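Novice: Numbering follows our numbering, with no gaps: position 94 of the sequence shown is 99. Got a structure for you, questions after.
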Amino acid sequence: MIKQAIIPLAGLGSRMLPLTSVIPKELLPINGKTNLEYILEECLDAGIKEFIFVISKKKQSIKKYFFNDSFYKKIIKKNKDKRLIREFKKIKKYQKMIKFVYQNNPKGTADAVLKCKKYIKNNYFLVLLPDDLIVNKNCSKEMIQLHKKTKGSVIATKRVDIQTVTRWGILSIKEKKKNYFTIKDVVEKPSVKKAPSNFAIIGRYILPLKVFDEIKRIKRGRGGELHITDAIKNLIYKNYKFHANIFKGKYLDCGTLSGYISSCIRIFKGK
Ligand code: G1P
């Protein structure tokens, strides 16, 4: 049963300055909707019942976006705007599902995940990186189906241009089936020469409880951060089952300014 999703939201967003100097990147709009709401909709549709947002003191506006009742109530009382009433209802629904956890020093995705440990109730949970926007097909839903079939952990992957492997976590294959494969190993941002394949991790993971112990053991890697990739690598070496779900839907990279701009254009055009 995958019912909880961790969403790391404490990153500084420096790749998207100056837009992110006052607005968190996750609240930037894409065709009339915030980036974060695309992620939440994907989760809801996949059956997720609880969101754990990892934010920082500097990103309190994310909390305010979802918890600003008096502001809405005042306006709705005055003009009874139907669209606004609908939006407020949606926000009220999210309110019941969101928990906040703080990560005031951005020490990486693994550290963000570890901060949520005390809230995780089931043996497996979902992690979504909001830089990676996925539309037209529900990647989390596909992964949950694969998890039910394989009874193990799942990572979303897609083939990338071999010249760009240095930007991703890259997987190596143990046994390939039609739409998925068993993962043999994983390496964070390898050189083109050392990359074991061009199957890149896109920001969706179904992880086991055991990952928390492994995160406590890993050392800081690239950029002085604790990478979830390193904890996963150790679990694979200890024979925990990890499968890669080969995702064929539309993937949009919203973690850089140029990626954000082209994502806006592609969503707007429906391409
Ligand atoms: C993170 C992960 C990387 C993954 C990528 C997907 O990198 O560490 O393994 O391929 O997300 O977007 P980041 O984008 O934080 O550099």
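Where a beta carbon is used, it is the ideal one built from N, C-alpha and C, also for glycine. Computed from a prediction, not measured in an experiment: that's the story for all the values here.
Are the region 77-94 and the region 196-212 touching by the rule of at least three beta carbon pairs closer than 8 angstroms?
Specialist: Contact fails: fewer than three Cβ-Cβ distances are below 8 angstroms.
Novice: Taking G52 as the reference, give the member of N143, Q65 and D74 with the closest Cα.
Specialist: For this step, residue 52 is matched to residue 47 along the sequence shown. Of the candidates N143, Q65 and D74, the one whose C-alpha sits nearest the C-alpha of G52 is N143.
Novice: Is the beta carbon of F130 less than 8 angstroms from the beta carbon of I11?
Specialist: As a first step, residue 130 is located in the sequence shown; it is residue number 125 there, counting from the start. As a first step, residue 11 is located in the sequence shown; it is residue number 6 there, counting from the start. Contact flag set, yes.
Novice: For P23, does the count of other Cβ atoms within 10 angstroms reach 16, so buried, or fall short, so exposed?
Specialist: By one-based count along the sequence shown, residue 23 stands at place 18. Result: exposed.
Novice: Measuring alpha carbon to alpha carbon, tell me which residue in K194, S202, T162 and G174 is nearest N184.
Specialist: Residue numbering aside, residue 184 sits at position 179 when the sequence shown is read from its first letter. Comparing Cα positions, the closest option is T162.
Novice: Taking 7 angstroms as the line, does the beta carbon of D136 fall inside it for any heavy atom of the ligand G1P?
Specialist: Taking the sequence shown and counting its residues from 1, the one referred to as residue 136 is at position 131. Within the cutoff, so yes.
Novice: On the CB-based measure, 16 or more other CB atoms within 10 Å of its CB, does I272 come out buried or exposed?
Specialist: The residue you call residue 272 lines up with position 267 of the sequence shown. I272 should be labelled buried.
Novice: Assign D258 to one of three DSSP states: helix, strand, or coil.
Specialist: Reading the sequence shown from its first residue, position 253 is the one you call residue 258. D258: strand per DSSP, three-state reduction.
Novice: Is DSSP giving E42 helix, strand or coil here?
Specialist: Within the sequence shown, residue 42 is the residue found at index 37, counting from 1. Correct three-state label for E42: helix.
Novice: What did DSSP end up calling A236 once you bin it into helix, strand or coil?
Specialist: On the sequence shown, residue 236 is found 231 positions in, with the first residue counted as 1. Three-state result, A236: helix.
Novice: So, are the CB atoms of V140 and K253 less than 8 angstroms apart?
Specialist: Here the question's residue 140 lines up with position 135 in the sequence shown. Here the question's residue 253 lines up with position 248 in the sequence shown. Against a cut-off of 8 angstroms, the Cβ pair of K253 and V140 comes out as no contact.
Novice: Within its chain, find whatever has a CB closer than 6 angstroms to the CB of E31; leave out the 5 residues flanking it on each side and keep chain order.
Specialist: Residue numbering aside, residue 31 sits at position 26 when the sequence shown is read from its first letter. Cβ neighbours of E31 beyond the five flanking positions: L14, N40, L41 and P135.
Novice: Quick one: give me the first and last residue of the alpha helix (DSSP H) that A117 is part of.
Specialist: Here residue 117 is taken as the residue at index 112 of the sequence shown, counted from 1. Note, A117: alpha helix (DSSP H), T114 to L119.
Novice: Could you check whether the region 109-118 touches the region 227-237, counting it as contact only if at least three pairs of C-beta atoms, one from each stretch, sit closer than 8 angstroms?
Specialist: Verdict: yes, contact present.
Novice: According to the neighbour-count rule (16 or more other Cβ atoms, all chains shown, within 10 Å of its Cβ), is K154 buried or exposed?
Specialist: Along the sequence shown, read from residue 1 onward, the residue named residue 154 stands at position 149. Counting Cβ neighbours within 10 Å, K154 comes out exposed, since fewer than 16 surround it.
Novice: Near Q108, what residues of its chain come up, given a Cβ to Cβ distance below 7 angstroms and the 5 sequence neighbours on each side ignored?
Specialist: Indexing the sequence shown from 1 puts residue 108 at position 103. The residues are A15, V59, S61, D116, A117 and K120.
Novice: Report the CB separation of F247 from S158 in whole angstroms; it is logged as a contact under 8 angstroms.
Specialist: Residue numbering aside, residue 247 sits at position 242 when the sequence shown is read from its first letter. Residue numbering aside, residue 158 sits at position 153 when the sequence shown is read from its first letter. Contact flag correct, Cβ pair sits at about 5 angstroms.
Novice: Measure the C-alpha to C-alpha separation of T234 and G275 and round it to an integer number of angstroms.
Specialist: Here residue 234 is taken as the residue at index 229 of the sequence shown, counted from 1. Here residue 275 is taken as the residue at index 270 of the sequence shown, counted from 1. One C-alpha to the other measures close to 32 angstroms.
Novice: Among R20, L49, I103 and Y265, which has the Cα closest to the Cα of I67?
Specialist: Numbered from its first residue, the sequence shown carries residue 67 at position 62. Answer by Cα proximity: I103.
Novice: Could you give the C-beta distance for K126 and D50, rounded to a whole number, given that I count them as a contact under 8 angstroms?
Specialist: Taking the sequence shown and counting its residues from 1, the one referred to as residue 126 is at position 121. Taking the sequence shown and counting its residues from 1, the one referred to as residue 50 is at position 45. Not quite, the Cβ-Cβ distance comes to about 21 angstroms (not below 8 angstroms), so this is no contact.
Novice: Given G18, which residues of its chain have a CB within under 7 angstroms of its CB, disregarding the five upstream and five downstream residues?
Specialist: Position 13 of the sequence shown holds residue 18. For G18, where only same-chain residues beyond five positions count, the Cβ hits under 7 angstroms are T25, P29 and K30.
Novice: Alpha carbon to alpha carbon, what distance is there between M21 and S268?
Specialist: In the sequence shown, the residue the question calls residue 268 occupies position 263. In the sequence shown, the residue the question calls residue 21 occupies position 16. Each residue's alpha carbon lies about 13 angstroms from the other.
Novice: Can you look up S66 in the DSSP assignment and give me helix, strand or coil?
Specialist: Looking up residue 66 in the sequence shown gives position 61. S66 falls in the helix class under three-state DSSP.
Novice: Judging by CA-CA distance, which residue of I241, N244, A249 and R225 is the nearest neighbour of S202?
Specialist: The residue given as residue 202 occupies position 197 in the sequence shown. Ranking the options by Cα distance to S202, first place goes to A249.
Novice: Tell me whether H152 counts as near the ligand G1P, meaning its Cβ is closer than 7 angstroms to at least one heavy atom of that ligand.
Specialist: Position 147 of the sequence shown, counted from the first residue, corresponds to residue 152. No, Cβ of H152 sits at least 7 angstroms from all heavy atoms of the ligand G1P.
Novice: Name the one or two DSSP bridge partners that V159 has.
Specialist: What you label residue 159 is simply residue 154 of the sequence shown in a count that begins at 1. Note: V159 sits in a beta bridge opposite I211 and H248.
Novice: So, with DSSP's three-state summary, where would you put D136?
Specialist: Position 131 of the sequence shown holds residue 136. D136 falls in the coil class under three-state DSSP.
Novice: Just checking H232 against the ligand G1P - is the residue's beta carbon closer than 7 angstroms to any of the ligand's heavy atoms?
Specialist: In the sequence shown, the residue the question calls residue 232 occupies position 227. Yes, the beta carbon of H232 sits closer than 7 angstroms to at least one heavy atom of the ligand G1P.
Novice: Helix, strand or coil for R225? Go by DSSP, reduced to three states.
Specialist: In the sequence shown, the residue the question calls residue 225 occupies position 220. R225 falls in the coil class under three-state DSSP.
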